[in-house]
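Take a look at the structure set out below.
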Amino acid sequence: MVILTYPVICKSLHISGKSFAIRCFANNLNPNIFHMAYICLSTVSVTEFYKQLCLVLGLPDTGGKIKMFASIKEQIHSLYKDKRQPLILAIDEAQYLNASILNDLKMLMNYSFDSLNCFSLILSGEQYLNAILCKPVHEALRQRITVHYDFNGLSPEETVDYIYHKISRANGSHTIIDASALNAVAGCARGNPRLIDNIMSDAIMLGAQMDRKTIDSEVILAAHENQHLGN
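Our numbering applies: residue 219 is where the sequence shown begins, and numbers increase by one.
Pasting the structure below:
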């Protein structure tokens, strides 16, 4: 089992979220060797989760939880034994999964008294997914984790490079923002690319409204405050 948490930060300014990283991973899999399934709606009941899983596996979602559970296990086993295509199931925003679903995922991974490894599970979510899985009730599931990766945010230096890269892509001049503003963005966004984008977008609009020739720290702080008011 694999755990991915927080936004994915790749070097050379190829920056994306964890969902995009899963998509890239899936696109690079050989479909003749693996069967990839993706679920992104995690704020659901146990029965609704089973219906989703049946859908991505091409199974009828009727007969209640017990019948769906049996059908899912049979389909996973068939993919592994008959088609030689072990399932890779990726669940995005896994921090929202309730305890019952996490418990059932553990049971789904049990095959022939653990003698078979029919599928791999990827749980992707925000950092507090770690705290959820560390609870005693999820100990058995946590022990199955073979890869556990926490992605970090951009450093202050990388934040500056990222902003300059975005400005260059828009055919803008780096002089549109001064050094104090760059430092302010790094401090406010704490390395989160989405927050950097939101703050900079607001700063450009506010700067134009304030008739500023250059975005300074005052404009950035106003944009940051505007983000808080918007939320």
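Yeah, the Cβ is synthetic: ideal placement off N, Cα and C, and Gly gets one too. Quantities reported herein were computed from a predicted structural model and do not represent experimental measurements.
Asked, Found
"Host alpha helix (DSSP H) of Tyr457 (start-end)", "Examination of residue 457 is not possible in this model, given that the chain is present from 219 through 449 alone."
"8 Å contact criterion, which Ile257 and Leu275 should meet: CB distance rounded", "In fact, because the Cβ distance is near 11 Å, the residues do not count as touching under 8 Å."
"CA-to-CA distance, Ser435 to Asp379, given in whole angstroms", "17 Å"
"Sufficient close CB pairs (3 or more, under 8 Å) joining the segment 338-346 to the segment 310-326", "yes"
"For Ile306 and Asn245, the rounded distance between their alpha carbons", "13 Å"
"Any beta strand (DSSP E) of 3 or more consecutive residues that is wholly inside the segment 245-325", "253-257 and 305-309"
"C-beta atoms of Leu315 and Ser260 nearer than 8 Å", "yes"
"Touch test, the segment 367-378 against the segment 283-297, Cβ-Cβ under 8 Å, three pairs minimum", "no"
"The alpha helix (DSSP H) enclosing Leu413, as first and last residue numbers", "Pro411 to Gln427"
"Sequence-distant residues of its chain with Cβ nearer than 6 Å to Met254 (five each side left out)", "Ala244, Leu247 and Ile306"
"Under the three-state DSSP convention, the category Gly405 falls into", "helix"
"Distance between Arg360 and Lys384 (C-alpha atoms, nearest Å)", "39 Å"
"Counted within 10 angstroms of its Cβ, other Cβ atoms place Thr377 as buried (16 or more) or exposed", "buried"
"Sequence-distant residues of the same chain with beta carbon closer than 6 Å to Ala404, five excluded per side", "Pro374 and Thr377"
"Limits of the unbroken alpha helix (DSSP H) element including Leu334", "Where Leu334 is concerned, there is no enclosing alpha helix (DSSP H), given that its DSSP letter is neither H nor E."
"Beta-carbon proximity of Leu447 to Ala402, cut-off 8 Å", "no"
"Neighbour-count burial assignment, Met325, 16 or more Cβ in a 10 Å radius", "exposed"
"Proximity below 8 Å, CB of Leu400 to CB of Ile381", "yes"
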